[in-house]
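Structure, as structure tokens:
2 protein chains.
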Amino acid sequence: MSEDINKVSPNNTEQIVLSIDAMGGDLGATAVIAGMQVFFKQNQDVKFIVHGDEVEIKRLLSKYSSLSSSCEIRHCDEAVGMDDKPSHVMRHGKNTSMWSSIESVRDKQAQAAVSCGNTGALMAVSMIRLRKAPGINRPAIAILWPSENPQGSNIMLDVGADIRAEASDLLQYALMGVSYARNGLDVKRPRIGLLNVGTEEHKGRVELKEAHERIAEQAEKANYEFVGFVEGGDIPSDKVDVIVTDGFTGNVALKAAEGTATQVRKLLRQTFKQTPLAMLGALLAYGALRKLSIKIDPRRSNGGVFLGLNGTVVKSHGGADANGFAAAINLAYRLAKNDFTGRLAARVTSGSAPAETVTSKT
Amino acid sequence: MSEDINKVSPNNTEQIVLSIDAMGGDLGATAVIAGMQVFFKQNQDVKFIVHGDEVEIKRLLSKYSSLSSSCEIRHCDEAVGMDDKPSHVMRHGKNTSMWSSIESVRDKQAQAAVSCGNTGALMAVSMIRLRKAPGINRPAIAILWPSENPQGSNIMLDVGADIRAEASDLLQYALMGVSYARNGLDVKRPRIGLLNVGTEEHKGRVELKEAHERIAEQAEKANYEFVGFVEGGDIPSDKVDVIVTDGFTGNVALKAAEGTATQVRKLLRQTFKQTPLAMLGALLAYGALRKLSIKIDPRRSNGGVFLGLNGTVVKSHGGADANGFAAAINLAYRLAKNDFTGRLAARVTSGSAPAETVTSKT
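Here's what the structure looks like:
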């Protein structure tokens with residue numbers, strides 16, 4: 008049952024190959040290639056398949072000869088725009104770098120894909136090309152939420168793959184979240200919270216009461232701690248490691264929190280322009296303030312992961328710079344190294360089945 | 008149809024009487040009475056009925072002879088605790104200051120009640136004693152969300168009165184929100200947004216699509232602008248004045264944002280302890296930083312209003328200090344002065360009915 012990430016899995020000795028969509032994001036291929044170089048300086052044990060405009064990619068890679076020799080370029084004529092509708096990309100996106108990057112995972116040439124293209128389109132392409140993993144009803148998008156926990160982040164899912172979730176889906180989210188916490192954040196026995204409007208057990212919607220029971224039932228077998236209902240204020244707390252909710256609520260909560268962080272950053276800037284003394288103070292505290300500003304910049308919380316597909320897809324934030332994109336690559340690398348896709352499927356299949364039929368050890 | 012707040016309404020010349028629950032809140036009667044004094048210094052055109060422990064209230068009022076002569080004390084043996092369950096208070100709360108404060112509104116002795124007691128209990132007592140206004144299906148709790156708009160706040164509702172909302176309820180929330188924006192914030196032609204996970208019209212849950220149509224239909228007649236779907240990140244923006252959502256989503260969004268603000272305040276404090284230079288900088292910028300810290304303190308966003316009952320009830324934050332409570336009193340005064348309860352009922356009744364049957368001018 009345990010998913011000790013130090014355990015040698017069959018994939019651990021395999022060459023890790025990551026599929027990179029070079030064309031998405033607000034900053035374009037420049038930030039992507041620069042991010043690859045930031046990662047590569049720390050870790051050369053990786054190969055890349057890079058999808059996008061060959062001329063531009065070659066030009067950008069020419070600065071980094073060592074990285075360049077670990078890259079294979081797949082030329083694509085088109086790129087998905089940040090405002091392209093998912094339905095349009097599904098029908099007409101075959102020649103885009105995004106589509107091509109997912110194909111490499113589908114064809115088992117790469118263990119994971121990383122893109123900073125538009126979330127809706129990436130989810131749509133991933134769904135139709137990779138398909139749902141066996142036993143999964145609704146895939147989910149999981150994000151890392153800056154928290155007071157030792158690992159620095161909590162996991163929240165779903166934040167927008169699907170606007171609905173039944174009790175059985177919420178149980179699957181819990182099991183997928185546990186697997187992600189182990190393989191992505193190295194939390195041995197994750198604590199799960201179910202998002203609600205109050206912490207009393209009788210409160211909330213019908214599906215939440217049922218999910219509460221079902222997630223509690225699986226806790227011992229699947230080796231997690233269920234802390235029960237949590238509230239919106241607990242999301243960044245150290246009470247939980249994984250917060251489970253439907254994609255509608257998760258998406259609104261995420262964006263409301265991002266909006267608040269953005270608002271506070273603006274107020275902070277205004278504050279230091281108010282008086283000459285404040286300006287001088289800001290000058291003295293410049294280094295520390297800059298670190299804070301980066302910490303609370305919503306664009307920096309990076310690396311949403313699509314869970315429940317036949318393949319690992321990491322969505323980097325559209326506004327990510329080189330360091331942000333490097334963090335997303337690092338997450339993809341780590342998940343690939345731990346054979347996350349295989350373990351997740353095994354976990355959910357065993358967790359969703361009645362206890363007596365479980366035989367596989369995941 | 009217009010609700011010009013400068014228009015003389017029958018109530019405008021009436022003596023305004025506010026019913027105050029003196030015993031709720033984390034800081035107790037001390038903060039409540041001090042808050043009354045803060046308000047009273049600005050505005051003596053008001054009488055108070057003060058509910059709670061007579062000895063303590065008299066002692067606290069003895070410092071303020073002018074305020075004291077505008078107060079009538081109603082002794083209550085009990086007080087509702089912050090952790091008391093609403094169901095318990097409904098059955099056994101008759102002798103509490105909270106219950107008594109609502110009774111004064113029910114008996115038409117006061118135009119509005121203000122309490123900083125626990126929200127669930129206050130909503131429960133308000134519901135059973137004041138009852139729903141004619142035509143209202145689900146009452147709502149509306150809060151002021153710090154925003155970039157000239158009025159400094161947007162209105163969001165529902166943030167937790169009910170975990171469900173059908174399309175017809177969301178339409179009623181929109182109409183109630185419009186009335187509140189006019190009478191509480193002086194926004195002549197409020198802009199309404201419907202909270203969703205994307206801004207495309209075809210997206211989201213079924214009830215949201217239906218609500219989108221119905222709120223759009225009423226816009227001209229009820230004199231508001233409907234900006235359509237908005238996302239979580241738009242809540243503090245200057246795109247909208249009123250954000251409409253169900254109480255589950257609204258509550259989670261509010262608490263997630265409060266959690267983020269609290270987290271940032273903590274990080275800010277840590278930032279200024281990092282280096283001697285940062286500490287010196289903080290010292291120089293102390294005044295400006297203190298203002299910022301107060302601005303982003305979630306306990307300061309004050310004055311949730313219960314909408315859709317036969318009477319106005321303002322819920323002040325449990326952690327409110329004297330200034331926070333004074334802000335809540337000011338809101339209650341303003342709403343009472345504008346005969347908010349009467350106008351709201353008229354607006355919702357006309358807004359929910361088919362256009363051709365509307366004859367009343369509200």
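Protein chains in written order, with the numbering used here: chain U, 8 to 369; chain D, 8 to 369. No residue lacks a Cβ here, since even glycine has one placed at the ideal position from N, Cα and C.
Excluding its 5 nearest sequence neighbours in each direction, Ala149 (chain U) has C-beta neighbours in its own chain below 6 Å: Ile162, Leu164, Tyr187, Val312 and Leu314, listed in chain order. Using a CB distance below 9 Å, no part of the segment 309–331 of chain D faces chain U. Among the residues of the segment 267–289 of chain D, those with a Cβ less than 7 Å away from any Cβ of chain U are Thr267, Ala268, Gln270, Val271, Leu274, Leu275, Thr278, Phe279, Gln281, Thr282, Leu284, Ala285, Leu287, Gly288 and Ala289, in the order of the chain.
Per DSSP, the continuous beta strand (DSSP E) segment holding Thr319 (chain D) begins and ends at Thr319 to Lys322. Taking 8 Å as the Cβ-Cβ cut-off, the segment 245–268 of chain D approaches chain U at Thr252, Gly254, Phe255, Thr256, Asn258, Val259, Ala260, Leu261, Lys262, Ala263, Ala264, Glu265, Gly266, Thr267 and Ala268, given in chain order. The beta-carbon of Glu217 (chain D) is placed no less than 8 Å from the nearest beta-carbon of chain U. At a cut-off of 8 Å, the C-beta of Leu202 (chain D) has a neighbouring C-beta in chain U. Here Lys246 (chain D) has Arg198, Gly200, Val234 and Val237 as same chain residues with Cβ atoms under 8 Å from its own Cβ, once five neighbours each way along the sequence are excluded.
Under the Cβ distance rule, Ile242 (chain U) counts among the residues neighbouring chain D, one pair being separated by less than 8 Å.
In the structure shown, Asp176 (chain U) falls within a helical segment according to DSSP collapsed to helix, strand and coil.
Burial is judged here by how many other beta carbons sit within 10 angstroms of a residue's own beta carbon; His58 (chain D) has at least 16 and is buried. Beyond the five residues adjoining it in sequence on each side, Ala223 (chain D) comes within less than 8 Å, by CB distance, of Phe233 and Gly235 in the same chain, given in chain order.
Taking every protein chain shown into account, the CB of Asn50 (chain U) has fewer than 16 other CB atoms within 10 angstroms, so this residue is exposed. For Lys54 (chain D), the enclosing beta strand (DSSP E) has its first and last residue at Lys54 to Gly59. Shown here for Gly240 (chain D): not one same chain residue has a beta carbon closer than 7 Å to its own, the five before and five after excluded. Straight-line spacing of the CA atoms in Gln281 (chain D) and Ala327 (chain U) works out to 27 Å.
With distances taken between CA atoms, Ile80 (chain U) lies nearest to U:Arg66 out of U:Lys344, U:Arg66, U:Asp193 and U:Thr278. Chain-order list of chain D residues neighbouring Leu296 (chain U): Thr278, by C-beta distance under 7 Å.
Here Pro146 (chain U) carries a coil assignment [DSSP, helix/strand/coil].
According to the DSSP secondary-structure assignment, Leu25 (chain D) is paired through a beta bridge with D:Phe55 and D:Ala119. Short of 7 Å from the beta carbon of Ala333 (chain D), and not among the five residues preceding or following it, lie these beta carbons of its own chain, in chain order: Gly42, Val45 and Phe46. Residue-level contact check: Glu214 (chain D) does not touch chain U, since none of the beta carbons of chain U fall below 8 Å from its beta carbon. Listed in chain order, the non-local C-beta contacts of Leu177 (chain D) below 6 Å within the same chain comprise Ala218 and Val251, local neighbours out to five positions each way being set aside. In the three-state reduction of the DSSP assignment, Lys298 (chain U) falls in the helix class, which pools H, G and I.
Contact between the segment 266–284 of chain D and the segment 69–83 of chain D is absent, with fewer than three C-beta pairs closer than 8 Å. If you check the CB distance, Met130 (chain U) and Ala168 (chain U) come in under 8 Å. Looking at the DSSP output, Glu79 (chain D) bridges to D:Ile56. In the three-state reduction of the DSSP assignment, Ser104 (chain D) falls in the helix class, which pools H, G and I. Between Arg138 (chain D) and Leu316 (chain D), the C-beta spacing is below 8 Å. About 6 Å separates the Cβ atoms of Lys322 (chain U) and Thr126 (chain U), confirming a contact at the 8 Å cut-off. Under the three-state reduction of DSSP output, Leu34 (chain D) falls in the coil class, being neither helix nor strand. Here the C-alpha atom of Val204 (chain D) lies approximately 18 Å from the C-alpha atom of Asn203 (chain U).
At a cut-off of 8 Å between C-beta atoms, Ala292 (chain U) counts as an interface residue with respect to chain D. When C-alpha distances from Ala172 (chain D) are compared across D:Ala29, D:Asp253 and D:Asn144, the shortest belongs to D:Asp253.
Shown here, Arg198 (chain U) sits in a strand according to DSSP, grouped into three states.
Where Glu214 (chain U) is concerned, the enclosing alpha helix (DSSP H) starts and stops at Val213 to Gln225.
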